[in-house]
Amino acid sequence: MTQDYEQLKKRLALNIKIARKTAKMSQEALALNADVDRTYVSQLERGIANPSLLILCRLADILQVDILDLLARSTDMASHEGDSSI
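Everything in the sequence shown is counted per the working numbering, starting at 10 for the first residue and increasing by one.
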């Protein structure tokens with residue numbers, strides 16, 4: 010269970026970063042639009058913070074991705090966006 014949770018946190022962190030970079034958005038811009046601090050976005054992208062469902066919905070909306078894409082295997086999202094090097 011703990012291992013699955015840690016994998017999910019890593020997956021979410023990477024997918025947020027991929028989606029943000031694909032949207033050509035800075036952490037600051039994402040934070041401003043999501044009404045959170047930039048350091049919180051940084052923590053999300055490093056897998057440190059645990060976002061609420063509301064925050065996940067906001068991020069997905071701002072980044073114009075399905076919320077499920079944020080939880081998908083990172084390789085799926087990267088290949089979907091055409092850039093697995095992020």
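Glycine included, each C-beta is placed from N, C-alpha and C at the ideal position.
Contacting residues, own chain, Cβ-Cβ under 8 Å from residue i (five flanking each side not counted)
i, result
"L17", "L80"
Beta-carbon proximity of residue i to residue j, cut-off 8 Å
i, j, result
"A36", "V45", "Contrary to the premise, residue 36 reads as Gln rather than Ala in this sequence. No. Outside cutoff."
"A32", "L68", "no"
"L39", "R29", "yes"
"A43", "I27", "no"
Classification of residue i by the beta-carbon crowding that lies within 10 angstroms, buried from 16 upward
i, result
"R82", "exposed"
"D92", "Low per-residue confidence applies at D92: pLDDT is 49, beneath 50, and the placement is therefore not dependable, though the value from the model is reported in the following sentence. Exposed."
"L77", "exposed"
"L9", "Only positions 10 to 95 of the chain appear in this structure, which leaves residue 9 out of reach."
"N24", "buried"
Residues near residue i in its chain [Cβ-Cβ closer than 6 Å; skip 5 each side]
i, result
"G56", "K18, K19 and A22"
Terminal residues of the alpha helix (DSSP H) in which residue i lies
i, result
"V50", "R47 to E54"
"D13", "T11 to T31"
"N42", "Q36 to A43"
"D78", "I76 to L80"
"I64", "L62 to L72"
Own chain, CB closer than 7 Å to residue i, minus 5 neighbours either side, in chain order
i, result
"D75", "A69"
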